[in-house]
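Each remark here refers to the structure printed beneath this line.
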Amino acid sequence: MKGTNVVKLLAVVGLIVILSMNGSCASSREEPTDNLLVLTVATRETDGFRRFIRSAKFFNYSIKVLGRGEKWKGENEAKTLGGGQKVRLLKSALKQYEDKENLIILFTDSYDVIFASGPKEILKKFQQAKSKVVFSAETLIYPDRHLETKYPPVTNGKRFLSSGGFMGYAPSLSQIVSEWDGADSDSDQLFYTKVFLDTEKREKIGISLDHRCRIFQNLNGAVDEVVLKFENGRVRARNVDSDTLPVVVHGNGPTKLQLNYLGNYIPRIWTFETGCTVCDEDIQKLSGLKDDEFPLVLIAIYIEQPTPFVSEFFKRLLALNYPKKRLQLFIHNHEAHHDSNVRKFLEEYQSDFSGVKVIGSEQNVENADARNMGMDFCRQNSDCEYVFSIDVDVVMKNPDTLRILMEQNRPIITPLVSRQGKLWSNFWGALSADGYYARSEDYIDIVQGRRIGVWNVPYISNIYLVKASILRTELREINMFQSGRLDADMVFCQNVRNQGVFMYVTNRVEFGYILSTANCKTAYLHNDLWQIFENPEDWREKYIHQNYSQTFEGKLIETPCPDVYWFPLFTDTACDHLVEEVEHYGKWSSGSSTDTRIQGGYENVPTIDIHMNQVGYEKEWRKMLQDYVAPITELMYPGYYTKADFDLAFVVRYKPDEQPFLRPHHDASTFTINIALNRPGIDYEGGGSRFLRYNCSVTDSRKGWALMHPGRLTHYHEGLPTISGTRYISVSFVDP
0 MKGTNVVKLL AVVGLIVILS MNGSCASSRE EPTDNLLVLT VATRETDGFR RFIRSAKFFN
60 YSIKVLGRGE KWKGENEAKT LGGGQKVRLL KSALKQYEDK ENLIILFTDS YDVIFASGPK
120 EILKKFQQAK SKVVFSAETL IYPDRHLETK YPPVTNGKRF LSSGGFMGYA PSLSQIVSEW
180 DGADSDSDQL FYTKVFLDTE KREKIGISLD HRCRIFQNLN GAVDEVVLKF ENGRVRARNV
240 DSDTLPVVVH GNGPTKLQLN YLGNYIPRIW TFETGCTVCD EDIQKLSGLK DDEFPLVLIA
300 IYIEQPTPFV SEFFKRLLAL NYPKKRLQLF IHNHEAHHDS NVRKFLEEYQ SDFSGVKVIG
360 SEQNVENADA RNMGMDFCRQ NSDCEYVFSI DVDVVMKNPD TLRILMEQNR PIITPLVSRQ
420 GKLWSNFWGA LSADGYYARS EDYIDIVQGR RIGVWNVPYI SNIYLVKASI LRTELREINM
480 FQSGRLDADM VFCQNVRNQG VFMYVTNRVE FGYILSTANC KTAYLHNDLW QIFENPEDWR
540 EKYIHQNYSQ TFEGKLIETP CPDVYWFPLF TDTACDHLVE EVEHYGKWSS GSSTDTRIQG
600 GYENVPTIDI HMNQVGYEKE WRKMLQDYVA PITELMYPGY YTKADFDLAF VVRYKPDEQP
660 FLRPHHDAST FTINIALNRP GIDYEGGGSR FLRYNCSVTD SRKGWALMHP GRLTHYHEGL
720 PTISGTRYIS VSFVDP
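As numbered in numbering that gives the first Met the number 0, residues 0 to 735 make up the sequence shown, in order.
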């Protein structure tokens, strides 16, 4: 949220800010209640404070903020309990109200508090309490457990006082805090506890605790009691133990992440009726900007492990809808295997960008160190306004990803990306007690797109946008990623959370997905060929002809000879990679009838070839036949269903001085697939197939197109002479 709509400033010891509660959405807000004033302390404007103010504005509370601009002196956990500064500020502020007998003051924390309902309800519940002052209550005693026996017994509800929220008549509150003479670093909780446990003071002033959480809900010790209640386009927190609907929800102690979860919904952030109501708040539109007016972004790219389709990653990077001259690149490549990918990209496109910094594999910089360097590279450049961190295993399909994230105007935001067909994604909705993954109630709905919005979450990874202003203030610590026991991404998120900075994930549009790197091979020349199982969509995009799907519309299947079908199957890249792979392997057969590679050791119609199993591609080739050839077979030969099994699949090489042709023969198959792997008239002259029974020839081969024909009995055929150059084809004898 931009700013706090501050309309009036008052000096009361510290800086007191009066926030106007007027604004849009008036139909959903209640009328202001003149005799209720909310006081809170906020020495700096955090994401939690902005959330607090948003919820207050929704219900039209009147709020004064104490302590703005002061240095926070309390809660140094290593030395003190803290919080006394809040008592001092409240004591000063109440001096001007100590004679206003009808004024009710609600004092509450702000960084970890949200309102779930409005002034009318909280005043009604306060009046029903029949006390002059009501403190919130909690299950756990703090900070002195020795005081437990002094608390009055409670038969139903929370027994112990919490200082995170209380309300009462101004003179009564002034009477309580008038006794304060402690230091800012002393415990406010202990001070209020001792006042409450003094029976004479408690009865004289008229102090009670909100045992059943009718007004205040402290989450510490009560997380399992609180659920979301959706009704009538609003969301409440419901305490299922006491069957109450608290008005003020406080994420005290270690429960701030649970409050963040509740804050994704309360009071009307997201509902089933409205969807996300705040997703367009503070949108930073980029439309209309000239190229040189766009914010300068450092794109930090990390290649930390063998990863498939790296060349495609760089193509998508180039396709980003953002002025290249407003982009700088920081590339960390930890894998020598990918040096050629980085080098080729930079040779062609480095000059397109504003600047490039490369940390290569030869420098042996570890992941966490490199990520620290990337953040600091932007932090130290005063012109840098954002870091867009992206791991190379992210498939960024949406070219507007960077603009969308930037326009959303959050301190740190990630686009939702997940493994295809899996629930595994780049965010966690909750954390376990030891800081690892835990599934939130809404995680599956968010991943599967049943709940759309912008969500405050405790962990993000793989791809995210960070405002440089955050790096220079809250996240100015140089070492944001390094720790002895945690992964770099977990350390980063932990440090972000510790600084009170919110991280968001958006699933408002489709952005892309994350590749599987589990079985990424590095032993071959073109390792992406082996990714048909792990990353089938990327394999298809790279290697299957762009017009392949049109064959099922009856548009591209041709019949050059009876029962011979011709259709597009492979891209030029697939053909080139397959040829280069077998040539790199290099162990071509002799072309003689003696062939130890096949059962029996005898080949009746020998060719100079390399079998798919020789290059370790047998399983992948079978998968290709099953996924892309079998459907065409069943379409063109009705009633026949294939398992796409084969005895032989191989690449054949024809050369005039080696083996220029193949004599007439039948194939040992039910049907045969013959794929042209290079171009007639350019790579070679001559060649082709002639079906003798029909006196029909196919000579004008098309690179990447497959010729499919019956193998036995009817389609006796020969390979026509190659008269110059080298002709490559891939042959599969299917269903032998």
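For glycine and all other residues, C-beta sits at the position ideal for the given N, C-alpha and C.
Rounded Cβ spacing between residue i and residue j (contact assumed at less than 8 angstroms)
{"i": "S731", "j": "I681", "result": "The Cβ separation is near 25 angstroms, so there is no contact."}
{"i": "L706", "j": "S688", "result": "7 angstroms"}
{"i": "P457", "j": "L256", "result": "5 angstroms"}
{"i": "V309", "j": "H337", "result": "5 angstroms"}
{"i": "F190", "j": "W179", "result": "6 angstroms"}
{"i": "T505", "j": "I462", "result": "Between I462 and T505 the Cβ distance is about 11 angstroms, and since that is not below 8 angstroms, they are no contact."}
{"i": "F58", "j": "S116", "result": "7 angstroms"}
{"i": "A643", "j": "V508", "result": "At roughly 37 angstroms, the Cβ-Cβ gap does not stay under 8 angstroms, so A643 and V508 are not in contact."}
{"i": "E137", "j": "F159", "result": "6 angstroms"}
{"i": "P567", "j": "Y547", "result": "6 angstroms"}
{"i": "K63", "j": "L36", "result": "7 angstroms"}
{"i": "C560", "j": "V697", "result": "7 angstroms"}
{"i": "S173", "j": "E97", "result": "4 angstroms"}
Burial state of residue i (16 or more Cβ within 10 Å)
{"i": "S339", "result": "exposed"}
{"i": "T39", "result": "buried"}
{"i": "V16", "result": "Note that V16 scores a pLDDT of 37, beneath 50, so its modelled location is shaky; the value from the coordinates is reported in the next line. Answer is buried; the Cβ neighbour count reaches 16."}
{"i": "F48", "result": "buried"}
{"i": "I513", "result": "buried"}
{"i": "T595", "result": "exposed"}
{"i": "S26", "result": "Residue confidence for S26 is low, a pLDDT of 35 falling below 50, so the modelled location carries little weight and cannot support an answer."}
{"i": "Y640", "result": "exposed"}
{"i": "G22", "result": "Unreliable positioning characterises G22 in this predicted model, as indicated by a pLDDT of 38, which lies under 50. The coordinate reading is nonetheless provided below. With fewer than 16 Cβ atoms within 10 Å of its Cβ, G22 is classed as exposed."}
{"i": "H664", "result": "exposed"}
{"i": "D351", "result": "exposed"}
{"i": "Q362", "result": "exposed"}
{"i": "E272", "result": "exposed"}
{"i": "P245", "result": "buried"}
{"i": "V394", "result": "buried"}
{"i": "R235", "result": "buried"}
{"i": "I175", "result": "buried"}
{"i": "V133", "result": "buried"}
{"i": "F603", "result": "Contrary to the premise, residue 603 reads as Asn rather than Phe in this sequence. Burial call: exposed."}
{"i": "Q537", "result": "In the sequence on display, residue 537 carries Asp and not Gln. Buried, because 16 or more other Cβ atoms sit within 10 Å of the Cβ of D537."}
{"i": "L182", "result": "A quick correction: the sequence has Ala, not Leu, at residue 182. It counts as exposed."}
{"i": "K580", "result": "Residue 580 is actually Glu in this sequence, not Lys. E580 is buried by the Cβ-count criterion."}
{"i": "N238", "result": "buried"}
{"i": "I330", "result": "buried"}
{"i": "A487", "result": "buried"}
{"i": "H249", "result": "buried"}
{"i": "D392", "result": "buried"}
{"i": "S723", "result": "exposed"}
Counterpart residues of residue i in DSSP-defined beta bridges
{"i": "L485", "result": "The partner list for L485 (beta bridge, DSSP) is empty, contrary to what the question assumes."}
{"i": "V650", "result": "I609, S729"}
{"i": "M502", "result": "I411, V456"}
{"i": "M707", "result": "Y564, I672"}
{"i": "R237", "result": "V226"}
{"i": "V386", "result": "L297, V465"}
{"i": "F690", "result": "C695, H716"}
{"i": "W269", "result": "C275"}
{"i": "H249", "result": "V112, N217"}
{"i": "A429", "result": "A437"}
{"i": "S531", "result": "For clarity, residue 531 is Ile in the given sequence; the question names Ser instead. In DSSP, I531 forms no bridge with anything."}
{"i": "T39", "result": "V64, T107"}
{"i": "E557", "result": "W565"}
Any chain C beta carbon closer than 8 angstroms to residue i
{"i": "H665", "result": "No chain C appears in this structure, which consists of one protein chain only."}
Fully enclosed by the segment 566-602, which alpha helix (DSSP H) runs are 4 residues long or longer? If only uninterrupted alpha helix (DSSP H) runs of at least 4 residues are considered, those enclosed by the segment 566-602 are 571-584.
Of all the beta strand (DSSP E) runs that stay within the bounds of the segment 433-472, which reach a length of 3 or more residues? Those beta strand (DSSP E) runs which fall completely within the segment 433-472 and span 3+ residues are 453-456, 462-466.
Jot down the residue ranges of each uninterrupted alpha helix (DSSP H) in the segment 622-673, minimum 4 residues, whole runs only, in chain order. For the segment 622-673, whole alpha helix (DSSP H) runs of length 4 or above, ordered along the chain, are 629-635.
Quick one: which unbroken alpha helix (DSSP H) runs of 4-plus residues sit fully inside the segment 172-222? Chain order, please. Segments of the alpha helix (DSSP H) lying fully in the segment 172-222: 187-196, 198-204.
Are the segment 286-306 and the segment 325-336 touching by the rule of at least three beta carbon pairs closer than 8 angstroms? Taking 8 angstroms as the limit for Cβ pairs, the verdict is that the segment 325-336 does touch the segment 286-306.
List, from N- to C-terminal side, the alpha helix (DSSP H) runs of 4 residues or more that fit wholly inside the segment 111-177. Correct list: 118-128, 169-176.
Give a yes or no on contact between the segment 102-110 and the segment 150-170, applying the rule of three or more CB pairs nearer than 8 angstroms. They touch, by the three-pair rule.
Flag this pair as touching only if the segment 364-383 and the segment 294-303 have three or more C-beta atom pairs under 8 angstroms; answer yes or no. Three or more pairs of CB atoms, one per stretch, sit closer than 8 angstroms, so the segment 364-383 contacts the segment 294-303.
Would you say the segment 462-478 touches the segment 371-388, given that touching needs at least three Cβ pairs under 8 angstroms? Yes, the segment 462-478 is in contact with the segment 371-388.
Runs of beta strand (DSSP E) lying entirely within the segment 316-359, each at least 3 residues, in chain order: Taking 3 residues as the minimum length, the beta strand (DSSP E) runs contained wholly in the segment 316-359 are 326-332, 354-358, in order along the chain.
For the 8 angstroms Cβ check, are there 3 or more pairs between the segment 426-433 and the segment 521-535? Result no; under three Cβ-Cβ pairs closer than 8 angstroms.
Quick check: the segment 312-326 against the segment 489-499, are there 3 or more CB pairs under 8 angstroms? No, the segment 312-326 is not in contact with the segment 489-499.
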